[in-house]
């Protein structure tokens, strides 16, 4: 028999979008018949979702936050407020297909698995159009790339992946809380899930994708309505650097990375690519936080490159 | 606050007023704590076009930076050049991120420079020092050194075309015309060329001498600018259109400037009106303290008399500043005035010409100077002369002269007057106002200038008064640089605050606000500072991750590893190669197309010739067609005319025929009437004869009957009664005859009269009737003659108008007229001759009209063989009675005809 799950959904207040996700979830929960918990974290800071969901969704619990704190903070609040040992963290723009939760729960029966990710269909496309991102070092820089094309399409076994996308992941709630959730120095957004996956791998845990668990991710429904593209890009590039700086574990990695940064800085300075300089400067302003994050990884068993190698599908 | 100070020139590389003041203002602003980034144009050797180089002037406590854009003085003179310069200025703004852009001048950048700042949301300030805002001709000086009124764009267009013509002359014969450099002196042009230039600019009706004298400032400008009837100049419309478009672009750009200023009140007034936007007056400042502290340098003592007045010409040696006028004025007063020339310019031929002239007059030629040396140069002068030919707005040299306590001699123009007569009032004031700082002379007036210099040289008290006023001067003419900088800083703060209020940041969730703020702060930094922050941060990062490699080593490794710039440059080079190859291919294709185009053009030309030939043929045919149509119309008209005549002739002929027919009928009727009359006459004659016969028979029988009567009185009495009855019948008949004759006479046109009483009268009446008939016949003959004449005339007319067959036919109609028959008819009218004498002797027995028929058988029975004849006559007479009325009418008709 499967185990109940606390489903935590941080939301910025888009009720229509949320209701589409809840409808799919309700069907999945009823099908499972184990009284899973659905917990919506109202991250608007205005407690607007309770009333919106009060009538049609009595089975949904709303946990309001006093301040808008971003996805990472809301997820952590939700984890603390949830009841079950397993927590399925998802974005409100994700539609869970039938059977996804049970498959994920099954995957997490393995104690070595830190997080289980469903197969994510970007935009709700067919199963073969799944987006699965790998992480690698390219020219000394952390880079994401799509690895779905390298995978068999009819696989059923769990596949190791570098990280479980934050849009849909199943974790053990207490472990997640013990880690402090997503690293706060990456707030407000982007690369928190990559950092979480790398941290897990480096600490000897595994992250897997469960092909039998399928969700649709209708990207664009989360932050794109609230964040200017330039600002989102700045956050992503800053955090890409911060994650790498946190996990630089060997001198060779650091050397190669620094040379790459210097080269880019010189290029940007000479050619006037101000955006590159701004992203670099944004990251460099967080050096103190990087130091603290690096200290927290003192218990890591393997380095960055080793972790990335393990996380390759 | 970071301010971009923009000017087309900057000291010490350039020594114009704008160049010096911009540098001085940058220092003053920096001294006041403003982060000044000067942007200026300057040719940079060995660099690619439009390269930018930044240098920091960090001497003393007034550091400011200058970014030079590689541009020659002529690069901005084309629209494309100006646009490229403006784009480069945009890149400068992106790099340096000023919070305010202060345009000390827009020459070179053009209106697009304003728009570059505007697009980036940077508040802007513009200061007008000349007429750039409304004219590309900054000083409103024409190539013949006359001036024109601001707003006279036709004059500007003419001036530009004239200058091109002069430059063409210069290119063709450099030794003759020399370098025009915007204008030429009268003596630099031949008489013919000068006259042509003058007509080109002002029209043939003006006096060359008058116009070339440059007049006196605005007054002369107004006269020249407003002169109507300027000659037509080729391309003037296009040039005028370009000038107006340029003005429109400037207006649009200046309307986007947040604050506009002018360096003189006059200029602010004029520009506000011409641009349609307010220009506030803001006087420039000078470094009075630095000038004032320079110790005075006494003149060299002369052996006899007072030392000459040391008059300085200080500034750019350009024609519109009028040094040549000052040199002309100097001639003859060399003993009283000693001229010192401080300055230089790029107008080399004018500088050389002035220098030769100055040295010939004993003047001292000092040449160009460093602005820092100005206090010492002023300290060695007794006065400063500014003989400008244009309406010089707010020349710094006058303010600097006042700071040095020097009187001035200045051209009397609208703006310069403002610099000599210190007042806050905008009213014009008298030259000799109590607070005047110098002497004003009409611009270009050599005599007046000479007189003013002599007056100043000879009137030591005047000099002392003016010097004292200058040293004690306050107000806009004595403004210090620091004061000006303070005013600007206040303006900057105001504009910057307003801009911040205008900026509405895009709303983001609260958890993103910090990041957005950090990004905005970084975006506001100049690129160099951003880069500096990054490099410093990278050094710290190296330390944080435990690297013991220096930044230099890392940079060395980075450059050796390759770079995105290098990759992009290589990609650009490949793209360039591809483009070159494409251009070559396009060139080949173009050549092929041109060849084909030439062939096509030739074909077209041939076709054009053929078309032209056909067109000519068509034109000829059309011309012929027109003539033919005209002839056809003429023929049509003639035919219609002939047909009309023919119709008229036919109508006339028909009328004549009808008339002829009527006449013939009337003639027949008349003839019948005559016959009846003749018969009537014959009957009457027979009746008379028979009466006579009967009377004779009675006479014979009366004698015999007497005896019978005696015997048969009763028979006699019966016979007598019968005779009486017959007598009465005859009387009645006679009366009837008389009536008939009277009626006939009346019918024949005679006067109404009673029937004759006796036969003689009847005979006379008949005679009269015959005479009248004779006249009628004569008249008929006359009419026949007329008819013949008319017929002849008609025949002739028909022959002339119709000719040929028609005439023959017409003649046949006429000839068919029964002329002979007419003649015969007329002859029939000839009255038969009547023997009147014979008839007079006859006794006519009256026969009663009604008894005729009865009497005749009786008479026949008594008259034997005569009876039947008499009875026949009597019957004929009765029958004739009915036809007489008709005959009389017919005769009357004949008479009328």
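Chains as they are written, first to last, in my numbering: chain A, 11 to 323; chain B, 17 to 913. Backbone N, C-alpha and C define an ideal beta-carbon position, used for all residues, glycine too.
Inter-residue CB distance, residue i and residue j (contact presumed, cutoff 8 Å)
i, j, result
"residue 155 (chain B)", "residue 168 (chain B)", "With 8 Å as the limit, residue 155 (chain B) and residue 168 (chain B) do not qualify as a contact, their Cβ atoms being about 13 Å apart."
"residue 102 (chain A)", "residue 31 (chain A)", "5 Å"
"residue 92 (chain B)", "residue 126 (chain B)", "7 Å"
"residue 223 (chain A)", "residue 114 (chain A)", "5 Å"
"residue 268 (chain A)", "residue 558 (chain B)", "5 Å"
"residue 10 (chain A)", "residue 47 (chain A)", "Residue 10 (chain A) cannot be examined here, being either before or after the span of chain A that is shown, 11 to 323."
"residue 16 (chain A)", "residue 96 (chain A)", "7 Å"
Assigned exposure category for residue i - 16 Cβ within 10 Å defines buried
i, result
"residue 866 (chain B)", "Low local confidence applies: a pLDDT of 40 at residue 866 (chain B) is under 50, so the model's placement there is unreliable, with the coordinate-based value given in what follows. Exposed, since its Cβ has fewer than 16 Cβ neighbours within 10 Å."
"residue 406 (chain B)", "buried"
"residue 248 (chain A)", "buried"
"residue 409 (chain B)", "buried"
"residue 321 (chain B)", "exposed"
"residue 630 (chain B)", "exposed"
"residue 621 (chain B)", "exposed"
"residue 121 (chain A)", "exposed"
"residue 218 (chain B)", "buried"
"residue 739 (chain B)", "exposed"
"residue 192 (chain A)", "buried"
"residue 255 (chain A)", "buried"
Limits of the unbroken alpha helix (DSSP H) element including residue i
i, result
"residue 84 (chain B)", "Note, residue 84 (chain B): premise wrong, no alpha helix (DSSP H); beta strand (DSSP E) at 80–86."
"residue 209 (chain A)", "202–212"
"residue 280 (chain A)", "261–281"
"residue 499 (chain B)", "497–518"
"residue 458 (chain B)", "Careful: residue 458 (chain B) lies outside any alpha helix (DSSP H) and carries neither H nor E."
"residue 383 (chain B)", "Note, residue 383 (chain B): premise wrong, no alpha helix (DSSP H); beta strand (DSSP E) at 380–383."
"residue 307 (chain B)", "304–308"
"residue 131 (chain B)", "127–135"
"residue 535 (chain B)", "526–539"
Within-8 Å CB hit, residue i to chain A
i, result
"residue 522 (chain B)", "yes"
"residue 526 (chain B)", "yes"
"residue 465 (chain B)", "no"
"residue 357 (chain B)", "no"
"residue 558 (chain B)", "yes"
"residue 539 (chain B)", "yes"
"residue 175 (chain B)", "no"
"residue 13 (chain B)", "Chain B is shown only over 17 to 913; residue 13 (chain B) falls outside these bounds and no answer can be derived."
"residue 549 (chain B)", "yes"
"residue 239 (chain B)", "Here the model assigns residue 239 (chain B) a pLDDT of 34, short of 50, so the residue's position is not dependable, and the following value carries that caveat. So no, residue 239 (chain B) is outside the interface."
"residue 111 (chain B)", "yes"
Any C-beta of chain B under 8 Å from that of residue i
i, result
"residue 274 (chain A)", "yes"
"residue 13 (chain A)", "no"
"residue 284 (chain A)", "yes"
"residue 236 (chain A)", "yes"
"residue 198 (chain A)", "yes"
"residue 67 (chain A)", "no"
"residue 255 (chain A)", "yes"
Limits of the unbroken beta strand (DSSP E) element including residue i
i, result
"residue 401 (chain B)", "399–402"
"residue 116 (chain B)", "116–119"
Count the C-beta pairs between the stretch 518–533 of chain B and the stretch 468–481 of chain B that are closer than 8 Å, then say yes if the count reaches three, no if not. no
Please confirm if the stretch 219–231 of chain A is in contact with the stretch 163–172 of chain A, defined as three or more CB-CB distances below 8 Å between the two stretches. yes
Decide if the stretch 472–482 of chain B is in contact with the stretch 19–26 of chain B; the criterion is three or more beta carbon pairs, one per stretch, under 8 Å apart. no
Should the stretch 667–681 of chain B be regarded as contacting the stretch 796–810 of chain B, the criterion being three or more beta carbon pairs within less than 8 Å? yes
State whether the stretch 272–292 of chain A contacts the stretch 554–574 of chain B, with contact taken as three or more CB pairs (one from each stretch) at a distance under 8 Å. yes
Taking 8 Å as the threshold, find out whether the stretch 345–360 of chain B comes into contact with the stretch 376–385 of chain B through three or more Cβ pairs. Segments in contact, yes.
For the 8 Å Cβ check, are there 3 or more pairs between the stretch 320–334 of chain B and the stretch 56–74 of chain B? no
Taking contact to mean 3 or more Cβ pairs, one atom from each stretch, closer than 8 Å, check whether the stretch 503–511 of chain B and the stretch 305–320 of chain B are in contact. no
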